[in-house]
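Worksheet: one structure, shown below.
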Amino acid sequence: MNFLGILGFNCESLLFDIKNLNEFEFDKSLFKIRNFYSHEEQDIELLNYVINNYDLSKKDIRKINEDNDENNDDFTEKILRSMKRNKRDKSSILARKLGKHCKRKSTKNPEKIKQTKKDYIYQMIKDLEIYQIFQNRPRIVIFLDNARAHVSDFAQDIAEALNIYLLYIPEYSPWFDPVESVWDIHKKYIKGIIIESKEMLIEESHNIFNEKCRGDSLQKNFKEKYLTSIC
């Protein structure tokens, strides 16, 4: 179980559970964050549509790749050219070289799957005119650490489309992150109780997060430690 927490400044704090912290889950979270802080009904409906249609099944990915696949004659021609160019190689070496062509075209290629997911989301953003709509909405600024998922080009693109500005705290400086102290308290609290179900874990996590984020002590600490150091 993973959680993503937002400590709100001049707004409500937010916590929700995520599958894991990779770039796709984090970027889906950006849509959820924008949705949570949206007030226009049409914006909420639009963002709900994106969130509900964000994930692709293996079957969906395979179909997209097959529909966009190049003509079989073109692929065959590439294989024949490679065989001709490397005809003096031993069979094991030739098989390895030909295998690279096949792997790139395989619907099970991890890099191809990842790119297919990204292209699908980019296309959805374009078709729904996400960028044009949210440039006219109040900007959201998020302070966060330098986790790989947070700093990817994909994350930057999604954030820009949603008019969210990602501002990174210095590397290796968790003391600048006010939510880190909340996680420490959260872990100690969870270890001290009996968790009977996933639902109970989520509920208790929300309770402790909301309790510790209430008030202005965390915000004040963050302003004094970090904001003053960069201003």
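Numbering (the working numbering), first residue to last: 1 to 231.
Note that beta-carbon positions come from the ideal geometry of N, C-alpha and C, so glycine has one too.
These numbers were taken from a predicted model, which means no experiment stands behind them.
Output the distance between the C-alpha atoms of residue i and residue j, rounded to the nearest integer angstrom.
i: Ile142; j: Leu128; result: 24 Å
i: Asp60; j: Tyr49; result: 17 Å
i: Ile202; j: Leu4; result: 12 Å
i: Cys231; j: Ser173; result: Its pLDDT being 49, under 50, Cys231 is placed unreliably by the model, and nothing is read from it.
i: Lys198; j: Phe16; result: 13 Å
i: Lys32; j: Ser92; result: 50 Å
i: Ser152; j: Lys191; result: 33 Å
i: Ile133; j: Glu41; result: 13 Å
i: Tyr54; j: Ser82; result: 38 Å
i: Cys11; j: Glu196; result: 32 Å
i: Lys212; j: Gly8; result: 12 Å
i: Lys19; j: Lys28; result: 11 Å
i: Ile6; j: Trp183; result: 12 Å
i: Lys84; j: Arg62; result: 31 Å
Within the continuous beta strand (DSSP E) that includes residue i, where are the two ends?
i: Leu15; result: Leu14 to Ile18
i: Ile164; result: Ile164 to Tyr168
i: Phe9; result: Where Phe9 is concerned, there is no enclosing beta strand (DSSP E), given that its DSSP letter is neither H nor E.
What span of residues does the alpha helix (DSSP H) with residue i cover, start to end?
i: Phe24; result: Glu23 to Phe36
i: Tyr120; result: Pro110 to Asp127
i: Leu46; result: Glu41 to Asn52
i: Ile194; result: Counting along the chain, Ile194 falls outside any alpha helix (DSSP H), and DSSP gives it neither H nor E.
i: Gln135; result: Taken as a continuous stretch (DSSP letters only), Gln135 belongs to no alpha helix (DSSP H), as it is neither H nor E.
i: Ala149; result: Arg148 to Val151
i: Asn65; result: Lys58 to Asp67
Do residue i and residue j have their C-beta atoms within less than 8 Å of each other?
i: Glu158; j: Tyr120; result: The identity of residue 158 in the sequence shown is Ile, whereas the question assumes Glu. No.
i: Ile140; j: Arg34; result: yes
i: Ala149; j: Phe26; result: yes
i: Asn2; j: Leu21; result: yes
i: Leu167; j: Ala155; result: no
i: Leu236; j: Ser38; result: The requested residue 236 does not occur in the structure, where the chain is confined to residues 1 to 231.
Spatial neighbours of residue i within its chain, please: CB distance less than 7 Å, with the 5 preceding and 5 following residues excluded, ordered by chain position.
i: His186; result: Ser205, Ile208 and Phe209
i: Tyr189; result: Ile208
i: Phe36; result: Leu14
i: Ile125; result: Tyr131 and Ala161
i: Glu23; result: Ala149, Ser152, Phe154 and Ala155
i: Tyr122; result: none
Throw me the rounded Cβ distance for the residue i and residue j pair, which I believe falls under 8 Å.
i: Leu56; j: Lys114; result: Contact doesn't hold; Cβ gap of about 11 Å is too wide.
i: Arg235; j: Asn163; result: The structure shown does not extend to residue 235, since the chain is modelled only from 1 to 231, so the question has no answer here.
Using a beta-carbon distance below 8 Å, is residue i in contact with chain D?
i: Ile133; result: No chain D appears in the structure shown, which is made up of a single protein chain.
Give every residue of the same chain whose Cβ lies closer than 8 Å to the Cβ of residue i, excluding the five residues on either side of it in the sequence, and list them in chain order.
i: Met200; result: none
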